[in-house]
Ligand code: SF4
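In this note's numbering, the protein residues as written are 970 to 1193.
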């Protein structure tokens, strides 16, 4: 691991951690290569601007001004987060983890020790499209993380980025079925792909429409 694993720090947001004022730590590197990913600079970076100590020092100065910290990226669970989270929790912060779910062992470690308070888990695609969209063949690991969080009744959300050329309502309905069959009953967050100046697959706006009316309504769906 680089001695500067944090690509950047967003000092203040009220948009990312539900109901909280939070800073965001963007961790370098990722174990996926999602076609639509617009954080390619972060995904391909091996070293960033800040050390873990820099983040702790930054947070020390912000105690009383922020409620929480979001660990995002890239994929933060590529790093041994437990020691960092212990320090952050000792300062009284809430911690949200953004993860693609490929590291169930690290997620379990953090949850079991009470080192994270909220998790946003990306459900990238149904199993048949998972490899194509993410570049990873480890749907099983994502499923392990999902099953674990459901079984623990942990405070978490599942979310999916929708690009209509990659995922159609039929795919999302299959994903809803999968979530329900595993016992997920919480809101399912969908977010529309946003075209930026660059993304990993160099894709454009979808060439076809996404017909929201075809979506199954057996889980509460919230668009962001
Ligand atoms: S969108 Fe995919 S490639 Fe980009 S940071 Fe998230 S998991 Fe990694």
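Backbone N, C-alpha and C define an ideal beta-carbon position, used for all residues, glycine too.
Please read these numbers as outputs of a predicted model, since none were measured by experiment.
- Cβ neighbours of residue 1170 within its own chain (closer than 6 angstroms, five residues either side excluded): 1004.
- Annotation for residue 1033: no beta strand (DSSP E) segment contains it, and DSSP assigns it neither H nor E.
- Of the candidates 1109, 1007 and 1116, the residue whose Cα lies closest to the Cα of residue 1096 is 1109.
- Taking 8 angstroms as the cut-off, the Cβ atoms of residue 978 and residue 992 count as close.
- Using a 10 angstroms sphere on the CB of residue 1040, the tally of other CB atoms reaches 16 or more, which defines it as buried.
- Secondary structure of residue 1092 (DSSP, three-state): coil.
- For residue 1051, the enclosing alpha helix (DSSP H) stretches over residues 1051-1059.
- Counting C-beta pairs with one atom in each stretch, the stretch 1141-1150 and the stretch 1183-1192 have three or more that are closer than 8 angstroms, which means they touch.
- At least 8 angstroms separates the beta-carbon of residue 1124 from that of residue 1091.
- Only buried fits residue 994, as 16 or more other CB atoms lie within 10 angstroms of its CB.
- When the five nearest sequence neighbours on each side are left out, the beta carbons in the same chain lying within less than 6 angstroms of the beta carbon of residue 980 are those of 992, in order along the chain.
- Judged by the Cβ position, residue 1012 qualifies as a neighbour of ligand 1 at the 7 angstroms threshold, a heavy atom of the ligand being closer than this.
- With contacts defined as CB atoms closer than 8 angstroms, residue 1037 and residue 1064 qualify as a contacting pair.
- Scanning 1158, 1020, 1133 and 999 for the CA closest to the CA of residue 975 turns up 1020.
- A direct Cα-to-Cα measurement between residue 987 and residue 1088 gives close to 11 angstroms.
- Per DSSP, the unbroken beta strand (DSSP E) holding residue 980 starts and ends at 975-982.
- Within 10 angstroms of the beta-carbon of residue 1094 lie 16 or more other beta-carbons, which makes it buried.
- Residue 1137 and residue 1179 have their C-alpha atoms roughly 6 angstroms apart.
- DSSP lists 996 as the bridge partner or partners of residue 1042.
- In this structure, ligand 1 has no non-hydrogen atom nearer than 7 angstroms to the beta-carbon of residue 1171.
- In the DSSP assignment, residue 1134 falls outside any alpha helix (DSSP H) and carries neither an H nor an E.
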